[in-house]
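Worksheet: one structure, shown below.
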Amino acid sequence: MAGIYLHIPFCKQQCTYCDFHFSTTFDAYRQEMVNSICTELRLRTSYLEGKAIETIYFGGGTPSILTKQELTQLLQTIHSNFQVKEGVEVTLEANPDDISKAALREWKELGVNRLSIGLQSFKEDDLAWMNRAHTVNEAETCIQLAQSEGFHNLTVDLIYGLPNLTMEEWRNHVQKVIDFGVPHISAYCLTVEEKTVLDNWVKTGKIQPISDEAQGDQFLLLLEMLEANGYQQYEISNFAKPGFESIHNGNYWKGEWYLGVGPSAHSFNGTSRSWNVANNRKYLKAIEENETFSELEELSIENQFNERVMIGLRTVKGVDLNELATISALPEAFSLKKQSFIHDGWMTQHDAVISLTKEGRLRADYIASELFM
Ligand code: SF4
């Protein structure tokens, strides 16, 4: 099985914290971009070596900006050039301000069966502070609208750790999503990425990020509330009611193959990764002139080992040490550090599988990096 990811590099405006690849001026070349992504799909049909496509994921950027005609063109190109499995999971990332009854009906008609809504917050001031394009009212109504149009496989993104977000406000945001009956939640801690507006605010002293401890408290509150309401944390930032886990992301974490098309998209075929140029003009030109538009890295044993550790520790399945040892013998330092994390209460081991405790999940990246080869 394999997946296809389509990166739609357009956004209405720039969110202050975002370092994804996108452009806010695209009207003049949006059709050219769709045509080029279709060309890339045709050029790379052999990348997945005939594996059946189990998931299609429209990410970005803001794919909900695309018209019905543009989405149809992309989907038809996939169906004509790849073997698409019946019942394929088709996810579309959508921002609340793009969600209308008409749009939902079009998406359903096209076969979109999972919506990922970029909600982020139910607090007007924070939405404005993040420069999101939607309001609280749009955030609230879009969920009900989507459900009333038959989209029950829904996920929403929430952000915590914002400078002025109190515990009480965060509790209310999580509770609202639970009350709306949304079966999947992705919750991310605000991070300061380089070259973003937020980065500039921090560097110039305009804002003071909240402490790691306060962020940790919000994360633990999230775990507690979602666990009490029947969600399983199947990955550090992802929580689902049974049967609503993302197949697409689950396959990333299982190491399944995927083809990523569009500017900045990444691909993986078991032994190598490649990534497309993160520049819309360069991408269009390269496709038009039949030039190279991506870079490739063969994964070394070290890369494969470290990825297995990082991904495994972020997921509920943990890391199977027997499986890890098929990549490389476990270094002595690995075993010593593992014991020390178990001693600190950050990690547990059942048979040959290690996984993180709640306390460990607070520092997952640090723990993984300590276990790297
Ligand atoms: S809409 Fe999404 S991709 Fe676009 S700037 Fe905001 S966070 Fe980034």
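Using our numbering, the letters of the sequence shown map in sequence onto residues -10 to 362. Beta carbons: idealized from backbone N, C-alpha and C, even for Gly.
- Annotated as proximal: residue 10 and residue 253, with beta-carbon spacing under 8 Å.
- Burial state of residue -9 is buried, judged by a 10 Å Cβ sphere holding 16 or more other Cβ atoms.
- Note: residue 263 is bridge-paired with 256 and 285 in the DSSP secondary-structure output.
- Residue state for residue 335 is assigned as coil, using DSSP reduced to three classes.
- Fewer than three pairs of CB atoms, one per stretch, sit closer than 8 Å, so the segment 34 to 41 makes no contact with the segment -2 to 8.
- Following the DSSP letters along the chain, one finds residue 121 in no beta strand (DSSP E), marked with neither H nor E.
- With a 10 Å radius around the Cβ and a threshold of 16 neighbouring Cβ atoms, residue -4 comes out buried.
- Between the segment 54 to 74 and the segment 103 to 118, the count of C-beta pairs closer than 8 Å stays below three; the two stretches do not touch.
- Around the beta carbon of residue 184, fewer than 16 other beta carbons lie within 10 angstroms, which makes this residue exposed.
- Per DSSP, residue 318 lies in no alpha helix (DSSP H) segment and is marked neither H nor E.
- The beta carbons of residue 49 and residue 82 sit closer together than 8 Å.
- The beta-carbon distance between residue 348 and residue 335, rounded to whole angstroms, is 5 Å. This is short enough to meet the 8 Å contact definition.
- Of the residues 340, 295 and 350, the one whose Cα lies closest to the Cα of residue 323 is 295.
- Contact check for residue 44 and residue 300: beta-carbon distance about 17 Å, past the 8 Å limit, so the pair fails to qualify.
- Counting every other CB atom within 10 Å of its CB across the protein chains shown gives residue 327 a total of 16 or more, marking it as buried.
- If you look at residue 173, you'll find it in the beta strand (DSSP E) that goes 173 to 178.
- The closest heavy atom of ligand 1 lies 7 Å or more from the beta carbon of residue 178.
- Placement of the Cβ of residue 84 at a distance of less than 7 Å from at least one heavy atom of ligand 1 is found.
- Pairing residue 291 with residue 362 gives a Cβ-Cβ distance under 8 Å.
- Judged by their CB atoms, residue 228 and residue 173 are nearer to each other than the 8 Å cut-off.
- Around the beta carbon of residue 273, a 10 Å sphere encloses 16 or more other beta carbons of the protein chains shown; the residue is thus reported as buried.
- CA-CA distance, residue 141 to residue 201, rounds to 35 Å.
- Cβ-Cβ distances below 7 Å link residue 287 to 260 and 261 in the same chain, with the five nearest sequence neighbours on each side left out; the list follows chain order.
- In the three-state reduction of the DSSP assignment, residue 138 falls in the coil class, being assigned neither a helical nor a strand state.
- Secondary-structure assignment with DSSP links residue 146 through a beta bridge to 175.
- Around the C-beta of residue 87, 16 or more other C-beta atoms lie within 10 Å, and the residue is accordingly described as buried.
- Relative to the Cα of residue 92, the nearest Cα in the group 131, 114 and 218 belongs to 131.
- The beta carbon of residue 96 lies closer than 7 Å to those of 81 in the same chain, with the five residues before and after it left out.
- In the structure shown, residue 8 adopts coil according to DSSP, grouped into three states.
- Judged by DSSP secondary structure, residue 66 falls within the alpha helix (DSSP H) whose first and last residues are 57 to 70.
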